[in-house]
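Comments concern the structure below.
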Amino acid sequence: MPFLPDVTVVVPTFNRPRFLAALLEYFSTRPVTFKIIVSDGSSPEVQEQNRQTAGKYPGIVDYRASRYGPDFGSAIERIGKDIKAITTEFAVFCADDDLLMPEGVQAAVEFLRGHPDFVAAHGNYFGASRPNPDTLNLAVTYASQPLDMGRPLQRLLALCTRYQSIFYAGQRTPDLIGSFPAGAVTAAHFLELSHAFVLVCRGKLMTLPIPYFIRNEHLGSHPQYDHNPMYFVIKSGQEYLEELLRFRDDLSRALTEFKDDGTDWRQIIDLGYFVFLARCLDPVNFRVNLMTKGVISQAELDELTRRSSVSNEIPVPVEALTPHLKPVALHGWPALY
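Using the working numbering, the first residue of the sequence shown is number 1013, and each one after it goes up by one.
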């Protein structure tokens, strides 16, 4: 089995030993493999299970367990500490209940090697669900366009106009660590955006025309309140505004440390976030207003409009995904709820 010595996959996990076992077994069956760091914040009983599972893959899995309980730090703090153990040139995250395709990672890394102005690369994402024991549904989840524009503001507006998470893209290790949330923000909504905003401001993102990731669309995997700003405001407008200001300050600080050249990072962050919010309302009018105010040019407006109208349909045959699903079928993946 070819080993990619310059790639590390980081797998955060919390009290889901069956998912972790399925994922590690899946990785062991693929034509290529890499070093894996398991960042485990589970209860002591589950940590023991996971430790035994990780022990089946000596030399491949670096198992790291943190003490369990509210007095021992947040999951973000735990993962932020564990990623500092990465020694490889490239790194990528993978949730314990999803499937990251090693062949996709290999293609992303090969692309990044040849394109130093790109900080991340990934491919197409699919959602898998099992409505009953005999049925497996697959659907395109993300089919984004490359964010390859020259200016950070252009890339951020394009990302937020047609938003998708880029947390699982293959990245150079300094960019993965540098874009990982490390400030005071705690809400999942802003944590996800923190990584994406910083990453695309640091450099370009490539989307390759390949299968890259299969997401397990089980119930409870996408809590509305944590990830949707509208539910956030409805529950607690005061908390939302406080988190928004922390989000803005944390990102501005991180980007100034990365590139202190007089760029008004707060303005860029504000514009990106308001486009993100506007997509739920009327993003076309908002982009036109940005153009008339002189923030973006007519050409940039035309490019954003083109990118936001791209179809999600991509020609990837189901047969291409079947080898990735067979190794985990015995574990009941994806989960049936």
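C-beta: ideal position from N, C-alpha, C; glycine also.
Because the structure is a prediction, the values reported are computed rather than measured.
Going straight from the alpha carbon of Tyr1038 to that of Leu1111, what length do you get? Distance between the alpha carbons of Tyr1038 and Leu1111 is about 8 Å.
To the nearest angstrom, how far is it from the Cα of Gln1183 to the Cα of Ile1226? Answer to the nearest angstrom: the Cα atoms are 18 Å apart.
Report the CB separation of Thr1025 from Asp1160 in whole angstroms; it is logged as a contact under 8 Å. Contact flag wrong, Cβ pair sits at about 33 Å.
Which class does Gln1157 belong to by DSSP, given the choice of helix, strand or coil? Three-state DSSP puts Gln1157 in coil, outside helix and strand.
Taking buried to mean at least 16 other C-beta atoms within 10 Å of its own C-beta, is Thr1020 buried or exposed? The residue is buried, with at least 16 neighbouring Cβ atoms inside 10 Å.
Rounded to whole angstroms, what is the Cα-Cα separation between Pro1158 and Cys1172? Rounded to the nearest whole angstrom, the C-alpha separation of Pro1158 and Cys1172 is 13 Å.
Given a cut-off of 8 Å on the beta-carbon distance, is the pair Pro1164 and Ile1048 in contact? Result no, Cβ atoms of Pro1164 and Ile1048 do not sit closer than 8 Å.
Going by DSSP, which residues form a beta bridge with Asn1228? According to DSSP, Asn1228 bridges with Ala1140.
Just the C-alpha distance for Val1022 and Ala1097, rounded to the nearest angstrom, thanks. Val1022 and Ala1097: Cα-Cα distance of roughly 10 Å.
Same chain only: Cβ atoms within 8 Å of Glu1060, ignoring 5 sequence neighbours per side: A distance below 8 Å between beta-carbons, with the five flanking residues on each side excluded, links Glu1060 to no residue of its chain.
Give the range of the beta strand (DSSP E) segment to which Asp1282 is assigned. That residue, Asp1282, is in no beta strand (DSSP E); its alpha helix (DSSP H) goes 1277-1290.
Measuring CB to CB, does Gly1135 end up less than 8 Å from Gly1162? Cβ distance not < 8 Å, so Gly1135 and Gly1162 don't count as in contact.
Can you list, in chain order, the residues of its chain whose CB lies under 7 Å from that of Thr1219, leaving out five sequence neighbours each side? In its chain, beyond the 5 residues on either side, His1134, Gly1135, Ser1156, Gln1157, Pro1158 have a beta carbon closer than 7 Å to the beta carbon of Thr1219.
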